[in-house]
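Here the structure comes first, spelled out in structure tokens, and everything after it is commentary.
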């Protein structure tokens, strides 16, 4: 698994989206202004996605009450109940937002997993195609302060 890579072309972008989680709660990117937001595009059938889930859970649980959150966007057509069962069985603690294949709410998703990092001021600052680690995200955040 790799750490996050800065993507210079994102510096001016201030994306926003509104997606509903498995409990019917709407999540707008703008609602998290002031925190780092890790947006992880994934699917239940994707082995590298499954490998990084524990890393994302650990990161989210450590930071959710202070300076960062994880939002998982499911990129497959799957029944909400099946997705909810997967989330429960894999102890996913961060919000999971059902999306759809070929969705790109903040930027291109050309492979799974793809992770974007949004700075507290709302700018896209990094993208990683492939797995990420909690340590890699934290290192990127610390080096960006």
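In the numbering used here, the protein residues as written are 4 to 148.
Quick reminder that beta carbons are idealized off the backbone N, C-alpha and C, glycines included.
The structure displayed is predicted, hence computed values, not measured ones.
Short Cβ contact (8 Å threshold) for residue i with residue j
i, j, result
"residue 118", "residue 131", "yes"
"residue 121", "residue 42", "yes"
"residue 123", "residue 45", "no"
"residue 97", "residue 53", "no"
"residue 18", "residue 134", "no"
"residue 24", "residue 73", "no"
Nearest-angstrom Cα separation, counted from residue j out to residue i
i, j, result
"residue 5", "residue 146", "Its pLDDT being 47, under 50, residue 5 is placed unreliably in this model, and the coordinates cannot settle the point."
"residue 47", "residue 128", "26 Å"
"residue 84", "residue 90", "10 Å"
"residue 22", "residue 87", "16 Å"
"residue 80", "residue 109", "19 Å"
"residue 148", "residue 71", "13 Å"
"residue 27", "residue 82", "14 Å"
"residue 125", "residue 115", "23 Å"
"residue 31", "residue 69", "18 Å"
"residue 92", "residue 35", "27 Å"
"residue 67", "residue 49", "25 Å"
Same chain, Cβ closer than 8 Å to residue i, five either side skipped, listed in chain order
i, result
"residue 65", "137"
"residue 37", "123"
"residue 61", "137"
Close beta carbons around residue i, own chain, < 7 Å, minus the five adjacent residues each side
i, result
"residue 113", "132"
"residue 10", "Bear in mind that the predicted position of residue 10 carries a pLDDT of just 49, short of 50, making it unreliable; the figure below should be weighed with that in mind. For residue 10, where only same-chain residues beyond five positions count, the Cβ hits under 7 Å are 129 and 130."
"residue 63", "72, 73, 96 and 97"
Residue burial classification, residue i (beta-carbon count within 10 angstroms, cutoff 16)
i, result
"residue 139", "buried"
"residue 33", "exposed"
"residue 94", "exposed"
"residue 111", "exposed"
"residue 104", "exposed"
Same chain, Cβ closer than 6 Å to residue i, neighbours up to 5 away in sequence not counted
i, result
"residue 102", "76, 77 and 78"
"residue 29", "21 and 23"
"residue 144", "39"
Ignoring anything shorter than 4 residues or poking outside the segment 49-123, list the alpha helix (DSSP H) runs there in chain order.
-> Inside the segment 49-123, DSSP marks whole alpha helix (DSSP H) runs of 4 or more residues at positions 50-66 and 83-92, from first to last along the chain.
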